[in-house]
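**Q** This is the structure, below, for whatever I ask next.
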Amino acid sequence: FYAKRYTVLCILFYIPLCVIFIFRNTMQGCGYGFLPMMGGVVELLARLLCAVIAMRVMSYSLAVFCDPAAWLAAGIFTMVSYFHVIKKIEKRKELGSTGSAGRKRRKDLWRRPGILCKDGAGRQEGEAKKEQWLWSHCSF
């Protein structure tokens, strides 16, 4: 009975969990790291608040709801943050600004494990070093 209640309740809230993953990773990919981190803090605080209330009222159902409540709170926060970030990016695009998250990017350099190369002649050498590094550190 208890395991079934927990499983069903968690499964119902997998959609907000997916929202967290999609929006959080999108924002991080755009160069915004602070807001996704704050989504994690919101998730932690929602889980803490729900657990404290569940202990006060001695409710198993509310204790089971801690994870879904955290996912829901973080999902809402992350979704609102995502739309804020997208609006900011679109505004920068209209103004003709360049760079990720307002920071100046170095387009002539690219980084791989232990390799820093300039575009052009050094790129083939960098690719060879990268391939060598992958074969020496990865087992297939």
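Quick note on numbering: the sequence shown equals residues 937 to 1076 in the numbering used here.
From the three backbone atoms N, C-alpha and C, an ideal C-beta is built for every residue, glycine too.
A quick note: this is a predicted structure, and the numbers were derived from the prediction, not measured.
1. Can you tell me the Cα-Cα spacing of PHE1001 and PHE957, whole angstroms?
2. Pick helix, strand or coil for CYS966, following the three-state DSSP scheme.
3. So what does DSSP say about SER1017, is it helix, strand or coil?
4. Could you work out which residue in LEU998, LEU945, PHE959 is closest to LEU985 when comparing CA atoms only?
5. Of the residues ALA1006, LYS1029, MET973, which one's Cα is nearest the Cα of SER1017?
6. Excluding sequence positions up to five away, which residues of its chain have a Cβ less than 7 Å from the Cβ of VAL955?
7. Measuring alpha carbon to alpha carbon, tell me which residue in ALA1009, CYS946, THR962 is nearest ILE1025.
8. Check whether the Cβ atoms of ALA1006 and GLU1030 lie closer than 8 Å to each other.
9. Take THR987 and list the residues in its own chain whose beta-carbon comes closer than 8 Å to its own, dropping the five residues that flank it on each side.
10. Whole angstroms is fine: what's the gap from LYS940's alpha carbon to LYS1027's?
11. Could you give the distance in angstroms between the alpha-carbon of ILE989 and the alpha-carbon of GLY1032?
12. Under three-state DSSP, which class holds PHE949?
13. Determine, using beta carbons only, whether PHE960 and GLY975 come nearer to each other than 8 Å.
14. What's the call for LEU1008, buried or exposed, on a 16-neighbour Cβ count within 10 Å?
15. With a 10 Å radius around its C-beta and 16 neighbouring C-beta atoms as the bar for buried, classify VAL944 as buried or exposed.
**A** On the basis of the data shown:
1. 20 Å
2. coil
3. helix
4. LEU998
5. For the options ALA1006, LYS1029, MET973, the alpha carbon positioned closest to that of SER1017 is the one of MET973.
6. GLY1011, THR1014, MET1015
7. THR962
8. no
9. The sequence given here has Ala at residue 987, not Thr. Here the set comprises ALA999, CYS1002.
10. For LYS940 and LYS1027, the distance between alpha carbons rounds to 48 Å.
11. So the alpha carbons of these two residues sit roughly 49 Å apart.
12. coil
13. Reading off the sequence, residue 960 comes out as Arg, not Phe. Contact flag set, yes.
14. buried
15. exposed
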